[in-house]
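Going by the numbering used here, the letters in the sequence shown line up with residues 5 to 296, in that order.
Each residue gets a CB set at the ideal place from its N, CA and C atoms; glycine is no exception.
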Amino acid sequence: MSHKSGFVNIIGNPNVGKSTFLNAILGQKLAITTPKAQTTRHRILGILNGDDYQMVFSDTPGIIKPAYKMHEAMMSFVKEALKDADVIIYIVDVNETQIKDESVLKFLQNTKLPVFLLINKIDTVNQEKVEAAAQHWKSLLPNARIFPISALHAFNIKELIDQIKQELPEGPPYYPKDTLTDKSERFFVEEMIREKILLFYKKEIPYSVEVKVEEFKDEPEIVKIRATIFVIRPSQKGIIIGHQGERIKRVGTEARKDIEAFLGKKVFLDLHVKVKKDWRDNDNLLKQFGYK
Ligand SMILES: Nc1nc2c(ncn2[C@@H]2O[C@H](COP(=O)(O)OP(=O)(O)OP(=O)(O)O)[C@@H](O)[C@H]2O)c(=O)[nH]1
Ligand SMILES: [Mg+2]
5 MSHKSGFVNI IGNPNVGKST FLNAILGQKL AITTPKAQTT RHRILGILNG DDYQMVFSDT
65 PGIIKPAYKM HEAMMSFVKE ALKDADVIIY IVDVNETQIK DESVLKFLQN TKLPVFLLIN
125 KIDTVNQEKV EAAAQHWKSL LPNARIFPIS ALHAFNIKEL IDQIKQELPE GPPYYPKDTL
185 TDKSERFFVE EMIREKILLF YKKEIPYSVE VKVEEFKDEP EIVKIRATIF VIRPSQKGII
245 IGHQGERIKR VGTEARKDIE AFLGKKVFLD LHVKVKKDWR DNDNLLKQFG YK
């Protein structure tokens, strides 16, 4: 039997639904998703395995102009994803009309790779709007295959998978056929805690936070996890903790539920907060936090 495999790399602006799309493809929640921009900070592989194919999807951070070294690292993940792709997926929100990043636009217009332009969130608009958007993108990227989807409602996802499969090169799988991702359980635990911080705190707090699992003890009945939430300023530490620890307790409770579902086991989650001044511009800390 012939076998197809390849890298299908997802790029696009912040908040367009890249991570929601990855989860829809996999049929399970792997990447965290929130209504805030810059939720994803890493390149995360999500692998879809079939009898005769392996599609290695990669979710990436939304394209932004870097303000910190952390952002530079995030954009280097996007560049990597452009380099090793067999198929490119560029996702837009149905209300978007242009690709502001000149180099990305040029890449999409000139690449020999198959490009799928996914118009996402079509559940929020009427059919005329979807058709107008499709025409608009067709004129901007004549070589792209235009595909309207709703990542949130998994609409048009199966059809898309069939089309992508046709574009994959023949070849053996890159990863063992039962592999789901390249990232560790610890990584996803950190992400699930960070997701709650993105959801529960305002303004600059989510963008000042990094989460690190310090201890992960897998015991027969329970997984004991100790994690640190790093912030930039002492005042932020107080905000994260809240009056009598109420706010951090909420983060812990909600994150624990997700982690238990993810690990399929009872979890004890112990959260601490520490100040690490300017970690977003500190090479050593960025390395420690897995950005380099
Ligand atoms: N209505 C609707 N909302 C969607 C759809 N897809 C994603 N969303 C919402 O859009 C928001 C952003 O989704 P994400 O998947 O986190 O977006 P992203 O592109 O990964 O964002 P970054 O990681 O920040 O670049 C979330 O609130 C999602 O629930 C969709 O098809 N329809
Ligand atoms: Mg994302």
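Check: Quick one: does the C-beta of Lys22 sit closer than 7 Å to a heavy atom of ligand 2?
Finding: Yes, the Cβ of Lys22 comes within 7 Å of a heavy atom of ligand 2.
Checklist line | Those residues which DSSP pairs with Glu223 across a bridge | finding: None, per the DSSP bridge assignment.
Note to self: Distance check for Val98 and Asn19, CA to CA, integer angstroms please.
What the structure shows: About 12 Å.
Check: Below 8 Å between beta carbons: does that hold for Asp222 and Lys73?
Finding: Contact flag unset, no.
Note to self: With distance defined between alpha-carbon atoms, name the residue in Ala158, Val119, Val129 and Ile165 nearest to Arg149.
What the structure shows: Residue Val119 is the option with its Cα nearest to Arg149.
Notebook entry, point to check: For Tyr178, which of helix, strand or coil comes out of DSSP?
Noted result: Reduced to three states, the DSSP call for Tyr178 is coil.
Notebook entry, point to check: In its own chain, which residues sit with a C-beta less than 8 Å from the C-beta of Lys216, not counting the 5 before and 5 after it?
Noted result: Excluding sequence neighbours, Lys216 sits near Glu194, Ala231, Thr232, Phe234, Gln292 and Phe293.
Check: Which value, in whole angstroms, describes the spacing of the CA atoms of Val60 and Phe159?
Finding: Per the coordinates, the alpha-carbon of Val60 lies some 21 Å from the alpha-carbon of Phe159.
Item checked: Residue from Glu258, Lys22 and Leu30 with nearest C-alpha to Thr43 -> Check the Cα spacing between Thr43 and each of Glu258, Lys22 and Leu30: the tightest is with Lys22.
Margin query: So for Ser6, helix, strand or coil by DSSP?
Written below: Ser6: coil per DSSP, three-state reduction.
Margin query: I'd like the span of the alpha helix (DSSP H) that includes Ile245, first residue to last.
Written below: Run containing Ile245: Pro238 to Ile245, per the alpha helix (DSSP H) assignment.
Check: Hey, Ile161 and Ala259 are a contact pair by Cβ (cut 8 Å); roughly how many whole angstroms apart?
Finding: Incorrect: roughly 28 Å between the Cβ atoms, too far for contact.
Check: With a CB to CB cut of under 6 Å and the five nearest residues on each side skipped, what residues in its chain are close to Leu164?
Finding: The beta carbon of Leu164 sits closer than 6 Å to those of Phe151, all from its chain and outside the five residues before and after it, given in chain order.
Next item on the list: For Gln58, write down the residues that DSSP places opposite it in a beta bridge.
Entry: DSSP lists Ser9 and Asn53 as partners of Gln58.
Next item on the list: Report whether the distance from the Cβ of Ala35 to the nearest heavy atom of ligand 2 is below 7 Å.
Entry: Yes - ligand 2 has a heavy atom lying nearer than 7 Å to the Cβ of Ala35.
Check: Which two residues bound the contiguous beta strand (DSSP E) that contains Phe272?
Finding: It spans Lys270 to Val279 - the beta strand (DSSP E) in which Phe272 sits, taken as one unbroken run.
Note to self: Following a CB-centred definition, is Thr101 positioned closer than 7 Å to any heavy atom of ligand 4?
What the structure shows: Ligands in the displayed structure: ligand 1 and ligand 2; ligand 4 is not one of them.
Notebook entry, point to check: In its own chain, which residues sit with a C-beta less than 6 Å from the C-beta of Asp186, not counting the 5 before and 5 after it?
Noted result: Contacts found: Leu49.
Margin query: Can you check which of these residues, Trp141, His276, Asp56 and Tyr179, is closest to Lys169 by C-alpha distance?
Written below: In terms of CA proximity to Lys169, Asp56 leads the group Trp141, His276, Asp56 and Tyr179.
Notebook entry, point to check: Over what stretch of residues does the beta strand (DSSP E) that includes Tyr211 continue unbroken?
Noted result: Counted as a single uninterrupted DSSP element, the stretch harbouring Tyr211 is not any beta strand (DSSP E) but the alpha helix (DSSP H) occupying residues Ile209 to Ser212.
Next item on the list: Pull up the DSSP beta-bridge partners for Phe120, would you.
Entry: Beta-bridge pairing links Phe120 to Ile93 and Arg149.
Checklist line | Beta-carbon contacts of Pro180 that lie in its chain and below 7 Å, excluding the five residues immediately before and after | finding: Closer than 7 Å at Cβ, skipping near neighbours: no residue.
Check: Any heavy atom of ligand 2 within a distance shorter than 7 Å of the CB on Asp63?
Finding: Inclusion of Asp63 in the 7 Å shell around ligand 2 follows from its C-beta lying nearer than that to a non-hydrogen atom of the ligand.
Next item on the list: Could you check which residue in Gln131, Asn147 and Lys69 has the C-alpha nearest to that of Ile153?
Entry: Nearest of Gln131, Asn147 and Lys69 to Ile153, Cα basis: Gln131.
Item checked: Residue interval of the alpha helix (DSSP H) (run including Lys110) -> Segment Glu106 to Asn114, the alpha helix (DSSP H) holding Lys110.
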